[in-house]
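The block underneath contains the structure these notes are about, expressed in structure tokens.
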């Protein structure tokens with residue numbers, strides 16, 4: 337009879353996959369934010385500047401605007 341799989345190891349593997357997917361999406365959002373000119377800058381504590389990534393909705397809206405502009409050109 338084969339040994340039972342370790343449920344903790346399976347959960348750890350799923351969490352690692354989830355975390356990797358989240359990181360990839362965050363990287364994509366950050367890249368799109370910069371490329372689409374949507375980077376938000378705000379004053380932060382101790383004089384540092386806080387950079388905020390655009391939301392998915394902001395990114396989609398900007399892409400739709402760009403597509404409409406190309407269609408009209």
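Residue numbers (my numbering): 337 to 409.
The beta-carbon is built from N, C-alpha and C at its ideal position, and this holds for glycine as well.
These figures come from a predicted structure and were not determined experimentally.
Residue i versus residue j - alpha carbon distance
| i | j | result |
| --- | --- | --- |
| residue 409 | residue 387 | 33 Å |
| residue 379 | residue 361 | 26 Å |
| residue 358 | residue 405 | 31 Å |
| residue 363 | residue 353 | 15 Å |
Residues bridged to residue i (per DSSP)
| i | result |
| --- | --- |
| residue 386 | 378 |
Environment of residue i [buried if 16+ CB atoms lie within 10 Å]
| i | result |
| --- | --- |
| residue 369 | buried |
| residue 390 | buried |
Beta-carbon gap between residue i and residue j smaller than 8 Å
| i | j | result |
| --- | --- | --- |
| residue 398 | residue 375 | no |
| residue 395 | residue 365 | yes |
| residue 317 | residue 385 | What is shown of the chain runs 337 to 409, which leaves residue 317 out entirely. |
Own chain, CB closer than 8 Å to residue i, minus 5 neighbours either side, in chain order
| i | result |
| --- | --- |
| residue 367 | none |
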